[in-house]
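Protein chains in written order, with my numbering: chain A, 58 to 354; chain B, 116 to 394.
Think of the CB as a built atom: it goes at the ideal place given N, C-alpha and C, for glycine as much as any other residue.
None of these values were measured; they are calculated from a predicted model.
One structure is given below, encoded as structure tokens.
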Amino acid sequence: MMNIRLLKDSIFSKVFFTLTILSISTVVLLGLGLYYKSIPILDSSSLSKLLFSSEWKPFKEAFGFYPFIMGTLWVTVISIVIALPLSLLTAIYLSEYAHFRVRKLVLPLIELLSGIPPVLFGVWGVLVIVPLIQDYIAPHFVEFTTGYSVLAGGVVLAIMIFPLIISILIEVFDNVPQELRDASLSVGATQWQTVKKVLLRKSVAGIIAATVLAISRAFGETIAVLMVCGNLAQIPHSLFDSGYPLPALIANNYGEMMSIPMYDSALMFAALLLFVIIFLFNAISRIILFRIEKSTT
Amino acid sequence: MRKIEENIFKVLMIMSTVLISSTLFWIIYTIFSKGLGSLNWDMVSKIPEGGFYIGKGGGILNAIIGSLYITVGSTLLGLLVSIPIVIYINIYAKNNSFLANITRLSYDILFGIPSIVYGAFGFAIMVYMGLKTSLLAGIITVTLMIIPILVRAMDEAIRVVPEDMKNSVYALGATRYETAKIVLRQSIPGIFTAILLSFGRAIGDAACVLFTAGFTDSIPTSLDQPAATLPLSIFFQLSSPIQEVQNRAYAAAVVLTIIVLIISITAKIISKNLSKNKI
Chain A
58 MMNIRLLKDS IFSKVFFTLT ILSISTVVLL GLGLYYKSIP ILDSSSLSKL LFSSEWKPFK
118 EAFGFYPFIM GTLWVTVISI VIALPLSLLT AIYLSEYAHF RVRKLVLPLI ELLSGIPPVL
178 FGVWGVLVIV PLIQDYIAPH FVEFTTGYSV LAGGVVLAIM IFPLIISILI EVFDNVPQEL
238 RDASLSVGAT QWQTVKKVLL RKSVAGIIAA TVLAISRAFG ETIAVLMVCG NLAQIPHSLF
298 DSGYPLPALI ANNYGEMMSI PMYDSALMFA ALLLFVIIFL FNAISRIILF RIEKSTT
Chain B
116 MRKIEENIFK VLMIMSTVLI SSTLFWIIYT IFSKGLGSLN WDMVSKIPEG GFYIGKGGGI
176 LNAIIGSLYI TVGSTLLGLL VSIPIVIYIN IYAKNNSFLA NITRLSYDIL FGIPSIVYGA
236 FGFAIMVYMG LKTSLLAGII TVTLMIIPIL VRAMDEAIRV VPEDMKNSVY ALGATRYETA
296 KIVLRQSIPG IFTAILLSFG RAIGDAACVL FTAGFTDSIP TSLDQPAATL PLSIFFQLSS
356 PIQEVQNRAY AAAVVLTIIV LIISITAKII SKNLSKNKI
């Protein structure tokens, strides 16, 4: 009887161990699978040509990703520029100033926001942000725009990454020892000075990690961006120009993937590019956050 | 001077907090006010009829059922893989061992990989295995995407089970496998929250199923048929130039919003009760 129980235990131990190892290797498999599919395009043209050429003519097998990379960079930078200050202010308020009841009221709302599917952000962007830009904001700066622009993409993305940044920042701030704040307040600093000179300084690494995570989230977001960015294969020159970020490119052209030679390989290369960048960004910031958590417990 | 700076920033902080917390209501309000008008019983009880995409009759039942199939299928499959992993890193592996930490790190990273990359990868697997766009391919891809969510959420739920309890189970002579069963039972509410969380992600994701599940006007009857999904149905209908069809996209968005809100709020309530029991 005893033996059967022990046998069961060791069998499950091995099975579970194997599953764990296998599942970790998904990370590697993802990279390898995408690389394998993008070999044809990497063989036919050089990496620098793929990344820095603006010529996008799939029928002539010219795949220059530069406009799409620029499109991605534009929306990502806009979204971070909008989201970071607002999230910082909100996170500081919720963790340092607000009554715990306010915190209890606001945090669930932010969590709910993170559960809203991307496609609904896209619908909202089309209904609210695009007309807002077209009718009210853009006319002050440019002669004509449809509103489907990198700015619209950036705004929608900013709202999508709020919950991520705020939740990480609050965790980072909570990890700053209370004694440090008390010390600062007791020598006569105001609360804002304490925030500025103690809390923020102590949390620099965490803030960077949160930002990098948010960047990688914005980088890969697809459907919402696809719906509001306009999707013209051009390099955006102003906030009100249309852009065509990489994920949108992949999503929009899956239909043609099979019919044009090399096209599927080119799109898989785009996915590989996203994967590599996001993998690195995530790994770096998760390791930073892990260190922070470890240093305080 | 110090007071002024203090006050300026306080006002800014309150403003941004209000702005950010009100976006949720703004989004819900916009979708409801646009979509409720076109929402009717036909929408949720019929599949598209001929000429649906030029404004003729029918509904989006195909997409609702397709989404449910994919979500339920992938959640079940995901649980099958992730429960053993969570048990392994929490009960079999030594606490904070290298393997446990590297597993947690990989899942943190996988959690950050966007669904379009999973979609492209799923497509590659699909082609490799000789599958067509189908319910099965969709389920496999979405499963890959939600395993990190399940693992992370359940890991957190199991980690809060008190060490003392585990020790007393061991002291009674239980094996690790038997301990795992007890610990799992103790964290059922947490596991439930994890399931709902992944359910919400799976039902709302479009980029994963775009390449793999395809789209169809009928309800799939077997795993090798393509399946429509709710987010894609919204996306496709919205890109139509016809007003009628666009309106239905808004109505479909209302349906998706309601489903997602019910899921998230239930998860919230369960996890609240969970923390109540713990303290």
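Annotated three-state conformation of Ala-119(A) is strand, per DSSP. Annotation: Gln-248(A) to Tyr-285(B) spans about 49 Å, alpha carbon to alpha carbon. Distance check between Leu-311(B) and each of Ile-380(B), Lys-247(B), Gly-245(B) and Pro-277(B) places Ile-380(B) closest, using alpha-carbon atoms only. In this structure Gly-287(A) does not touch Trp-131(A) by the C-beta definition: roughly 11 Å separates them, more than the 8 Å allowed.
For the stretch 227-255 of chain B, the beta-carbon criterion of a distance under 9 Å to any beta-carbon of chain A is satisfied by Gly-227, Ile-228, Pro-229, Ser-230, Ile-231, Val-232, Tyr-233, Gly-234, Ala-235, Phe-236, Phe-238, Ala-239, Ile-240, Val-242 and Tyr-243. Lys-114(A) is bridged by DSSP to Ala-119(A).
For chain A, the residues of the stretch 297-330 of chain B that bring a beta carbon within less than 9 Å of one of its beta carbons are Leu-312, Gly-315, Arg-316, Ile-318, Gly-319, Asp-320, Ala-321, Ala-322, Leu-325 and Phe-326, in chain order.
Residue Gly-253(B) holds the alpha-carbon nearest to the alpha-carbon of Gly-237(B) among Ile-224(B), Tyr-222(B), Gly-253(B) and Pro-229(B). Nearest C-alpha to Arg-316(B) among Val-187(B), Asn-122(B) and Thr-331(B): Val-187(B). Contacts with chain A (Cβ-Cβ distance below 9 Å) from the stretch 183-195 of chain B involve no residue at all. In the three-state DSSP reduction, Gly-287(A) falls in the strand class (E or B).
Collapsing the DSSP output to three states places Gly-227(B) in a helix.
With a threshold of 8 Å between beta carbons, Ile-227(A) makes no contact with chain B. Gly-300(A) is bridged by DSSP to Gly-287(A). Of Val-232(B), Leu-194(B) and Ser-148(B), the smallest CA-CA separation from Tyr-311(A) is found for Val-232(B). Close to Val-72(A), with beta-carbon spacing below 8 Å, are these residues of chain B in chain order: Pro-199. Three or more pairs of CB atoms, one per stretch, sit closer than 8 Å, so the stretch 360-380 of chain B contacts the stretch 167-185 of chain A. Chain B places no beta carbon closer than 8 Å to that of Met-319(A), leaving this residue out of the contacts.
Three or more Cβ pairs closer than 8 Å define a contact, and the stretch 161-168 of chain A falls short of that threshold against the stretch 258-267 of chain A. Taken through DSSP and simplified to helix, strand or coil, Asn-155(B) comes out as coil. For a cut-off of 8 Å, the C-beta gap from Gly-173(B) to Glu-164(B) is around 4 Å, short enough to register as a contact. Within the model, the alpha-carbon separation for Gly-210(A) versus Tyr-320(A) is close to 25 Å. Taking all protein chains shown into account, Ala-240(A) has fewer than 16 neighbouring C-beta atoms within 10 Å of its C-beta and is therefore exposed. DSSP places Met-260(B) in the uninterrupted alpha helix (DSSP H) bounded by 250-274.
With contacts defined as CB atoms closer than 8 Å, Ile-228(B) and Leu-87(A) qualify as a contacting pair. Judged by DSSP secondary structure, Ser-348(B) falls within the alpha helix (DSSP H) whose first and last residues are 345-353. Around the Cβ of Val-187(A), a 10 Å sphere holds 16 or more other Cβ atoms; the residue is buried. Contact between Leu-139(B) and Leu-169(A) holds: their C-beta atoms lie close to 6 Å from each other, under 8 Å. The C-beta of Glu-118(A) comes no closer than 8 Å to any C-beta of chain B. Around Pro-124(A), the same chain offers Ser-111, Trp-113, Ala-290, Gln-291, Ile-292 and Tyr-301 as residues with beta carbons nearer than 7 Å, after the five sequence neighbours per side are excluded.
With a beta-carbon spacing of about 6 Å, Ser-189(B) and Ile-261(B) fall inside the 8 Å limit used to define contacts.
Between Tyr-168(B) and Val-360(B), the C-beta gap is smaller than 8 Å, which places the two residues in contact. Under the Cβ distance rule, Ser-283(B) does not count among the residues neighbouring chain A, no pair being separated by less than 8 Å.
Minimum Cα-Cα distance from Thr-75(A) among the listed residues Ile-306(B), Ile-200(B), Ala-178(B) and Asp-332(B) corresponds to Ile-200(B).
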